[in-house]
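Enquirer: Would you mind keeping the following structure in view while I ask a few things?
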Amino acid sequence: MNERLIFNCTWGREDPERATLPFVAANIAATAGQEAVVLCTVEAVRLGTRGGTDGVEANGLPKLCDLLNQFVANNGKIWLCGACTKPRGITEAHLAAGVTIIGAAKVVEEIVAGAKTVAFA
Amino acid sequence: MKSPEEFVKVLAARDFDGLGAMLDECAHGRLLLPYGLEEPKDGNSIVGHFKRWFGSASRFELASTSKEAVGSRHRLTWRFNVEREGRSEVIEQLAYVNLGPDGIQQIDLVCSGFQPAPTAETKLFDAGSMGCADGLAQEFRQQIANVPVGTLLEVVVRDPAAKEDLPSLARMLGQQVRSIESTEDGRQIITVERRK
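Line order of the protein sequences matches chains A and B.
Note that the first sequence ends on residue 1420 in my numbering; no numbers are left out.
Note that the second sequence ends on residue 194 in my numbering; no numbers are left out.
Shown next, in the form of structure tokens:
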């Protein structure tokens, strides 16, 4: 049984609050020893590139750059939607540590195996 | 024993006790093996032979079987794909059996011996730069449907999402991912066995 928690993140630096919140929740899960993944789609895929979180900060929330590093250090994983990276010209060469480009089939297989998705923004 | 094909079913399950129960205590066997003839004189000894041949295989799958009545006798064949000490092998046996009131009374068997399994022919599907949202799933499903069950399809992908997706897709379609190999030029070669 797959007990992974997949946190959806669809916003990038154009909305720092919406971009940061899924990482806040996912980092709490990872800190609590849960297998946590942030699944970035649409503009959020840019957050998974090197330097992609620089300057992203919402009032009252931690800097996304620090939060993301902490999340990865807590064994958190970041998946970028392959259909969203492609038109934005993002390749494996651009990715930050702990980040992978995946496709829909991977997500579907995880959910079939018991993973849960969490919308937190 | 209800029917002769039940013998093959029990043999395929390697239920040697069940096999013994299908044989008349005084059953005779004439087993023509690659090295010569064996003539077990009772049911237990016959079962002992099957146990020695098939008991230790780490993989044991019935590949094909047939049955036909020949007058009062029954002609049975079975072919197994096996793995023994890391080697893939195939073995086929043909048996004529006589059924009596207490089970099989006579079994005359010819054995091919364990033969190296033929290496499956591998088909290639180069997915080019196909990724998650441009029809890879559909195309893969079509490609795997075009190779015979038991053979291999080698899928070459370059798209990073496809590298993650293809094994997932294969597994969800009930196929087996045999190996994943990354090349220096950034491609990934995923070998999938069609299982159904």
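Every residue, glycine too, gets a C-beta built ideally from N, C-alpha and C.
Step through the CB atoms of chain A and report whether any lies within less than 9 Å of the CB of A160 (chain B).
Expert: Answer yes: the Cβ-Cβ gap between A160 (chain B) and chain A drops below 9 Å somewhere.
Enquirer: Which one of A:E1408, A:A1395, A:G1413 has the shortest CA to CA distance from L171 (chain B)?
Expert: The candidate whose alpha carbon is nearest that of L171 (chain B) is A:E1408.
Enquirer: My understanding is that V108 (chain B) touches L30 (chain B), with C-beta atoms under 8 Å, so please give their C-beta distance in whole angstroms.
Expert: The pair is a contact, with the Cβ atoms about 5 Å apart (cut-off 8 Å).
Enquirer: Give the single residue among A:I1410, A:V1411, A:T1390 whose Cα lies nearest to the Cα of T1348 (chain A).
Expert: Here the closest residue by C-alpha is A:T1390.
Enquirer: How would you call T1426 (chain A), buried or exposed, if buried means at least 16 neighbouring beta carbons within 10 angstroms?
Expert: The displayed coordinates of chain A run from 1300 to 1420. Any statement about residue 1426 (chain A) would go beyond what the structure contains.
Enquirer: With DSSP collapsed to three states, give me the class of E130 (chain B).
Expert: Note that residue 130 (chain B) corresponds to Cys in the displayed sequence, not to Glu. In this structure, C130 (chain B) counts as coil in the three-state DSSP scheme.
Enquirer: Would you mind reading off the limits of the beta strand (DSSP E) that contains N1307 (chain A)?
Expert: Where N1307 (chain A) is concerned, the enclosing beta strand (DSSP E) stretches over 1304 to 1308.
Enquirer: Using a Cβ cut-off of 8 Å, pull out every chain B residue sitting near K1376 (chain A), in sequence order please.
Expert: What K1376 (chain A) touches in chain B: nothing, since even the nearest Cβ is about 12 Å away.
Enquirer: How many Å lie between V1411 (chain A) and L167 (chain B) at the Cα?
Expert: The alpha-carbon atoms of V1411 (chain A) and L167 (chain B) are separated by roughly 12 Å.
Enquirer: Which residues of the region 164 to 177 of chain B have a Cβ closer than 7 Å to any Cβ of chain C? Give them in chain order.
Expert: The structure shown contains no chain C; its protein chains are A and B.
Enquirer: Shorter than 8 Å, the distance from the beta carbon of N96 (chain B) to the closest heavy atom of the ligand COA, or not?
Expert: No copy of the ligand COA occurs in the structure displayed, which carries no ligand at all.
Enquirer: Of the choices B:Q141, B:R139, B:D157, whose alpha-carbon is the least far from that of G126 (chain B)?
Expert: Of B:Q141, B:R139, B:D157, the residue nearest in Cα terms is B:D157.
Enquirer: Identify, in the order they occur along the chain, each residue of the same chain with its Cβ nearer than 7 Å to the Cβ of G1311 (chain A), setting aside the five sequence neighbours on each side.
Expert: Closer than 7 Å at Cβ, skipping near neighbours: A1318, E1342, A1343, R1345, L1346.
Enquirer: Once DSSP output is grouped into helix, strand and coil, what is the label at P158 (chain B)?
Expert: DSSP places P158 (chain B) in helix when its eight states are reduced to three.
Enquirer: Assuming L97 (chain B) contacts H72 (chain B) under a Cβ cut-off of 8 Å, what Cβ separation, rounded to an integer in Å, is found between them?
Expert: With a Cβ gap of about 7 Å, L97 (chain B) and H72 (chain B) count as contacting.
Enquirer: Might you give, ordered along the chain, the residues of its own chain that have their beta carbon closer than 6 Å to the beta carbon of A1328 (chain A), omitting 5 neighbours on each side?
Expert: Hits under 6 Å: L1304, A1335.
Enquirer: Within the same chain, show all residues whose beta-carbon is closer than 6 Å to that of T120 (chain B), passing over the 5 residues directly before and after it, in chain order.
Expert: Result list for T120 (chain B): L150, E152, in chain order.
Enquirer: Taking the Cβ atom as the reference point for each residue, do F1306 (chain A) and T1416 (chain A) lie within a distance shorter than 9 Å?
Expert: Contact flag set, yes.
Enquirer: Closer than 9 Å between beta carbons: that is the criterion. Which residues of the region 110 to 123 of chain B meet it against chain A?
Expert: Answer in chain order: no residues at all.
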